[in-house]
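First comes the structure, then the notes that go with it.
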Amino acid sequence: MTPENNSNLKDGFFSFSLAFLGIGGLFFSTVSIVPNVVTPPELPKLTPRQTLLVGGDIKPAVLPVSHPLVPLVKPDKKDFNLPLTAEAVLVVDNRTDTELFSKNPDAVRALASITKLMSVLVILERKFDWQATAEFSDDEAVGSRVATAGEKYTATELWNLALVGSSNGAVNALARLTGLTKTEFVARMNAKAKIWRLDSLRFTDPTGLDAGNVGNSRDIARLLKFALREDKIYRALQTPEYYAQSVGAKKPTRVWSTDWLLTGWIPHKFDNDQIAGKTGYIGESGYNFAVKLGDASGRGVRVVVLGATTNETRFTEARDLGVWALANYVWPEDAGYGELAE
82 MTPENNSNLK DGFFSFSLAF LGIGGLFFST VSIVPNVVTP PELPKLTPRQ TLLVGGDIKP
142 AVLPVSHPLV PLVKPDKKDF NLPLTAEAVL VVDNRTDTEL FSKNPDAVRA LASITKLMSV
202 LVILERKFDW QATAEFSDDE AVGSRVATAG EKYTATELWN LALVGSSNGA VNALARLTGL
262 TKTEFVARMN AKAKIWRLDS LRFTDPTGLD AGNVGNSRDI ARLLKFALRE DKIYRALQTP
322 EYYAQSVGAK KPTRVWSTDW LLTGWIPHKF DNDQIAGKTG YIGESGYNFA VKLGDASGRG
382 VRVVVLGATT NETRFTEARD LGVWALANYV WPEDAGYGEL AE
């Protein structure tokens with residue numbers, strides 16, 4: 082092919098390409114493409130007092146006012162002005178733990194038999210036969226108002242002796258029935274305190290006789306709350322008197338609760354069904370008392386009294402603090418609470 086013919090061939094191919102593009106452009110300019118339009122569904126018609134949420138849920142346009150659930154101070158609140166011999170006290174709302182009154186709430190003091198609240202919580206973790214028996218040793222029988230050395234009691238009897246009568250020998254016997262050594266048992270007590278962030282609590286024995294069992298009133302109030310959640314503990318601490326009978330004994334022995342509010346030996350106007358607490362005393366602690374108190378309407382407080390000067394004053398001071406709190410605060414279920422909350 083000559084150079085001239087080659088040039089003519091290129092010119093022809095170029096002309097053909099231009100013609101093809103021109104015809105294609107003319108074709109596409111005359112064709113109309115109809116888009117696929119999706120019509121949205123019709124939304125439901127709303128009444129004037131409704132609002133549409135994402136997802137189509139309907140809610141009232143005006144939401145109810147949110148109120149706190151904590152007790153609120155009455156406008157005419159009076160200060161607590163009765164004498165207190167206790168070294169440390171605390172009053173908290175039973176439902177929310179709101180502090181209503183305190184004196185030295187962070188002071189770390191000897192617990193005495195309040196220690197038993199943690200001991201029985203550890204005992205409840207262990208699975209054993211409640212009809213199993215254990216006997217009081219010579220040391221455990223010393224100072225006991227009920228048991229003598231060598232007497233055997235079922236675990237059920239020991240449980241009530243430990244909580245109703247605050248028997249040291251009974252709680253030691255129960256600890257043995259768990260299968261744990263004393264060291265292991267005490268370690269578990271401290272582990273539970275750590276899990277629950279009761280940071281001031283330290284335990285050295287199951288009974289509270291050792292002054293190394295210590296804690297402050299804030300952590301004691303929380304420990305009492307944890308303990309009272311257990312029905313078996315609550316029922317025992319609600320028992321004003323119990324008849325304990327050792328294995329083979331011909332007749333039972335009456336054991337009075339150490340809680341004088343529960344027995345009625347200290348006059349009060351609380352609902353007896355709302356009283357559940359634990360006492361404690363050793364020389365290093367003074368007279369201790371941690372108790373839940375309430376009235377028939379269900380309003381309740383927990384009161385901790387540490388280091389009162391006499392057995393009787395720990396109860397009268399706890400009573401007076403409870404009466405004061407219920408009289409000077411308004412609870413969510415009380416009339417007028419909504420107005421105060423706003």
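Using this note's numbering, read the sequence shown as starting at 82 and increasing by one per residue. Glycine included, C-beta positions come from ideal geometry on N, C-alpha and C.
Count the other C-beta atoms from every protein chain shown that fall within 10 angstroms of the C-beta of G326, then say buried if there are 16 or more, exposed otherwise. In the sequence as displayed, the identity of residue 326 is Gln instead of Gly. Q326 comes out exposed.
Proximity of V170 and S298 at Cβ, strictly below 8 Å: yes
Tell me the residue span of the alpha helix (DSSP H) that contains I460. With the chain running from 82 to 423 in the structure shown, residue 460 is simply not present.
Closest residue to R383 among E168, L153, Y418, T177 (Cα-Cα distance): T177
Mark K208 as exposed unless 16 or more other C-beta atoms lie within 10 angstroms of its C-beta, in which case mark it buried. Classification for K208: exposed.
Tell me the DSSP secondary structure of A389 in three-state form. DSSP places A389 in strand when its eight states are reduced to three.
Give me the DSSP bridge partner(s) of E206. None, per the DSSP bridge assignment.
Label V154 either buried or exposed according to how many other C-beta atoms from any shown protein chain fall within 10 Å of its C-beta, with 16 as the threshold for buried. exposed
Roughly how many angstroms separate the alpha carbons of G379 and G329, rounded to a whole number? 43 Å
Just how far apart, CA to CA, sit N162 and K332? 49 Å
Do the segment 297-317 and the segment 384-399 meet, that is, are 3 or more Cβ pairs less than 8 Å apart? yes
Segment contact, 8 Å Cβ cut-off, at least three pairs: the segment 306-318 with the segment 238-249: yes
Any idea if E221 is buried or exposed, counting beta-carbon neighbours within 10 angstroms, 16 or more meaning buried? buried
Can you tell me whether I195 is buried or exposed? The criterion is at least 16 other CB atoms within 10 Å of its CB, across all chains shown. buried
With the cut-off set at 8 Å, would you say N353 and R395 are in Cβ contact? No, the pair does not count as a contact, with Cβ atoms beyond the cut-off.
Cα-Cα separation between A236 and G361, rounded to whole angstroms: 22 Å
Under a Cβ-count criterion, where at least 16 other Cβ atoms within 10 Å of its own Cβ denotes burial, should A408 be classed as buried or exposed? exposed
Does DSSP put T111 in a helix, a strand or coil? Since pLDDT at T111 reaches only 47, below the 50 mark, its modelled position is unreliable, and the value read off the structure follows with that caveat. The answer is helix: DSSP assigns T111 an H, G or I state.
Endpoints, the alpha helix (DSSP H) within which K273 is located: 263-276
Go to T179, then tell me how far its alpha helix (DSSP H) extends in each direction, as first and last residue. No alpha helix (DSSP H) contains T179, which DSSP labels as neither H nor E.
Alpha-carbon to alpha-carbon, V151 and A416: Approximately 14 Å, taken between the alpha carbons.
For the 8 Å Cβ check, are there 3 or more pairs between the segment 200-207 and the segment 171-191? With the cut-off at 8 Å, the segment 200-207 and the segment 171-191 do not touch.
Alpha carbon of E232 to alpha carbon of W346, nearest angstrom: 30 Å
By the three-class DSSP mapping on this structure, what secondary structure does I314 have? helix
For L258, collect the residues of the same chain with a Cβ closer than 7 Å to its Cβ; drop the 5 residues on either side in sequence, then sort them by chain order. F209, A213, A215, A236
Cβ atoms of T397 and S438: under 8 Å apart, would you say? In this structure the chain extends from 82 to 423, so residue 438 is not present and cannot be described.
Within 10 angstroms of the Cβ of L99, are there 16 or more other Cβ atoms? Answer buried if so, exposed if not. Reliability of the predicted coordinates at L99 is poor, the pLDDT of 48 falling under 50, and no value is obtained from them.
Can you tell which of P164, A191, Y410 has the C-alpha that lies nearest to the C-alpha of G367? A191
Tell whether a beta-carbon distance below 8 Å holds between L374 and G403. yes
Answer yes or no: do V295 and R283 have a C-beta to C-beta separation smaller than 8 Å? Yes, the Cβ-Cβ distance between V295 and R283 is below 8 Å.
So what does R335 bridge to, in DSSP terms? Y324
Hey, how far is the Cα of A188 from the Cα of K263? 28 Å
Let me confirm a value: P164 is counted as buried when at least 16 other C-beta atoms fall within 10 Å, else exposed. Which label applies? If you draw a 10 Å sphere on the C-beta of P164, you find fewer than 16 other C-beta atoms in it, and that means exposed.
For the alpha helix (DSSP H) holding E216, just list the boundary residues, first then last. Premise fails: E216 lies in the beta strand (DSSP E), 214-216, not in any alpha helix (DSSP H).
Quick one: is Y410 buried, meaning 16 or more other Cβ sit within 10 Å of its Cβ, or exposed? buried
A377 burial status per 10 Å Cβ neighbour count (16 or more: buried): exposed
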